[in-house]
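The sequence shown finishes on residue 280 if you use my numbering, and the numbering steps up by one all the way, no holes.
Below: one structure, written as C-alpha cells.
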Amino acid sequence: MKRLAILLTSLFILFPLSAYETDGNVNVRLSDNMIRLINESIEKQDTQEEEISWWQREIEKADISYDLYLRMPVTYNTTTIGIGGGFNIGVKTASFKFELYTLGDYFLSPHGSNGGVQSLDFMIEPGMMFAWKILEVWRTRTYIALDIGYFMQFASLPWYPEEIFLAENGVMLRPKVMTEIVIGKHYDMSIGIFYQFPIYPDYSGYRGFGVMFAVL
Numbered sequence: 065m066k067r068l069a070i071l072l073t074s075l076f077i078l079f080p081l082s083a084y085e086t087d088g089n090v091n092v093r094l095s096d097n098m099i100r101l102i103n104e105s106i107e108k109q110d111t112q113e114e115e116i117s118w119w120q121r122e123i124e125k126a127d128i129s130y131d132l133y134l135r136m137p138v139t140y141n142t143t144t145i146g147i148g149g150g151f152n153i154g155v156k157t158a159s160f161k162f163e164l165y166t167l168g169d170y171f172l173s174p175h176g177s178n179g180g181v182q183s184l185d186f187m188i189e190p191g192m193m194f195a196w197k198i199l200e201v202w203r204t205r206t207y208i209a210l211d212i213g214y215f216m217q218f219a220s221l222p223w224y225p226e227e228i229f230l231a232e233n234g235v236m237l238r239p240k241v242m243t244e245i246v247i248g249k250h251y252d253m254s255i256g257i258f259y260q261f262p263i264y265p266d267y268s269g270y271r272g273f274g275v276m277f278a279v280l
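Take a look at the structure:
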C-alpha cells in the first residue's frame, strides 16, 4: 500500500507539471483526480484490512505448542496423594491453545486405603485441552483452561496381586488456571492448579484438586 501511495503521489507531482504550459484548467482537473485516486486506494486498503476477521488474524499467528509436565492430584476425599505427569501437543495462537494430551497418575494409597481394598491403583487418561489467555504481564501469560478426557482406572486386588484389571472409567472434566513464565523459545515454564471431576459415571474417588508444573 505504501508503494502504491508513493507511485500515485509521484504521478500527481510530475504529470501536472508537464501539462501546466498547455492548459492550466487541465492541470487543476488532473490534480484533483490524482488526489481522489490516492484517497480511494487508501480507503480500499483499509476496508480490506477491516474485512479480515479476528479469527483469521489469530490463525495467521498460529504455532505448534507442547507441554511436558508433572502433576500431583489429591483424591479420595483428600486422603490420597497421586504422583503423575503428562504430555500435551497442539496449536497455539496469540490468545488460545488447542492441545491433545495424555496423562497418568499413580496413587500412593490405593483406593484411599492402605491396601485393604486394592493393592494397586493408577489412572491413564487421553483427551483434549482448550485454553484462553486472560492476562499477559511482562514475561507471564495466564490462561484458564479445560481438559476433556477419558479416564481409565487400573487396579489389582490383594488376593490377586499379579492381575491388573480395568475398574472405573468414563468422561473427566478438569478446569485449570495456568501461569506461564516466558524464559526463551522452547524453554518456558508453567505452574497451575486444577480441579477434576468425572461426570459419566460420577466416580467420587477421582474427584479432587491438584497442582502441576510444566516445562514447555
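The C-beta atom is built at its ideal place from N, Cα and C for all residues, glycine as well.
Same chain, Cβ closer than 6 Å to residue i, five either side skipped, listed in chain order
i: Asp211; result: Gly191, Met193, Arg238
i: Val235; result: Ile263, Tyr264
C-alpha distance - residue i paired with residue j, whole-angstrom precision
i: Tyr270; j: Pro262; result: 7 Å
i: Glu232; j: Pro174; result: 13 Å
i: Val279; j: Thr157; result: 19 Å
i: Lys197; j: Gly154; result: 15 Å
i: Val181; j: Ile128; result: 44 Å
i: Met253; j: Trp202; result: 14 Å
i: Gln120; j: Phe229; result: 47 Å
i: Ile255; j: Trp223; result: 40 Å
i: Ile257; j: Thr243; result: 9 Å
i: Tyr259; j: Thr142; result: 12 Å
i: Pro225; j: Phe277; result: 32 Å
i: Leu240; j: Lys161; result: Note on identity: in this sequence residue 240 is Lys, with Leu being the wrong assignment. About 13 Å.
i: Tyr207; j: Glu200; result: 9 Å
i: Leu164; j: Ala195; result: 12 Å
Distance between beta carbons of residue j and residue i, contact taken as under 8 Å
i: Leu184; j: Ala219; result: 6 Å
i: Tyr140; j: Gly176; result: 3 Å
i: Met216; j: Ile247; result: Rounded, the Cβ-Cβ distance is 35 Å, inconsistent with contact.
i: Tyr130; j: Asn152; result: 6 Å
Cβ shell of residue i (< 8 Å), same chain only, five flanking positions each side left out
i: Val138; result: Thr144, Ile145, Gly146, Gly272, Phe273, Gly274
i: Gly149; result: Leu132, Tyr133, Leu134, Arg135, Leu167, Gly168
i: Lys125; result: Thr157, Ala158
i: Leu172; result: Thr144, Ile145, Gly146, Ile147
i: Thr204; result: Thr243, Glu244, Ile245, Val246
i: Ile123; result: Thr157
CB contact check: residue i to chain B, cutoff 8 Å
i: Thr157; result: Protein chain content of the structure displayed is limited to a single chain, and chain B is not contained in it.
Residue i Cβ short of 7 Å to the ligand NAP heavy atom set
i: Phe277; result: You won't find the ligand NAP in this model; it holds no ligand whatsoever.
DSSP bridge partner residues for residue i (one or two, in chain order)
i: Gly260; result: Per the sequence presented here, residue 260 reads as Gln, with Gly not at that position. Gly272, per the DSSP bridge assignment.
i: Tyr207; result: Lys197, Met242
i: Leu280; result: None; Leu280 has no bridge partner.
i: Ser254; result: Glu244, Ala278
i: Leu230; result: Phe218
i: Tyr130; result: Ile153
i: Asp185; result: Ala219
i: Pro58; result: Limits of the chain in this structure are 65 at one end and 280 at the other, which puts residue 58 out of reach.
i: Tyr224; result: Leu221
i: Gly176; result: DSSP, once it has assigned bridges, lists no residue as partnering Gly176.
Close Cβ partners of residue i (< 7 Å) along its chain, the five nearest in sequence each way excluded
i: Tyr267; result: Glu232, Gly234
Which complete beta strand (DSSP E) runs does the stretch 132-169 hold, if anything under 3 residues is left out?
Look at the stretch 132-169 and you find these whole runs of beta strand (DSSP E), each 3 residues long or longer: 144-156.
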